[in-house]
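I have placed the structure first, in the form of structure tokens, so that the comments after it can refer back to it.
Numbering (my numbering), first residue to last: 7 to 138.
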């Protein structure tokens, strides 16, 4: 009988040690998992911020490019000169329409550039380009 009473506390002690080791292992695994989840969250946030900055940069570059193109086009309109004048003194530019029909197609460079400028402005309004 003395033998069994000595073994019972020893078995309980071993069982307690095993449970303690399992609890420590579970705590360690939980800590590792929490750390991995935190690192994943941080990585996702950084990637999202980087992508947002890149998209803003691309948008600014696109707007600057469109504004530069519009400025060049408007400069061409301001500096345009009529190339030829018909017998009535009205400016015109010969086109395939004139060659096929015989009727002159009268249009000044100013009118053509104005139409092109309006087209560019319409395109910019579609893309919501901010003129600064």
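Even for Gly, the Cβ is constructed at its ideal location relative to N, Cα and C.
Within 10 Å of its beta-carbon, does residue 14 have 16 or more other beta-carbons around it, so buried, or fewer, so exposed? Residue numbering aside, residue 14 sits at position 8 when the chain shown is read from its first letter. Exposed.
For residue 67, does the three-state DSSP call read helix, strand or coil? In the chain shown, residue 67 corresponds to position 61, counting from 1. Residue state, collapsed to three classes: helix.
By the 10 Å Cβ neighbour count, where 16 or more other Cβ atoms means buried, how is residue 23 classified, buried or exposed? As a first step, residue 23 is located in the chain shown; it is residue number 17 there, counting from the start. Flag for residue 23 reads exposed.
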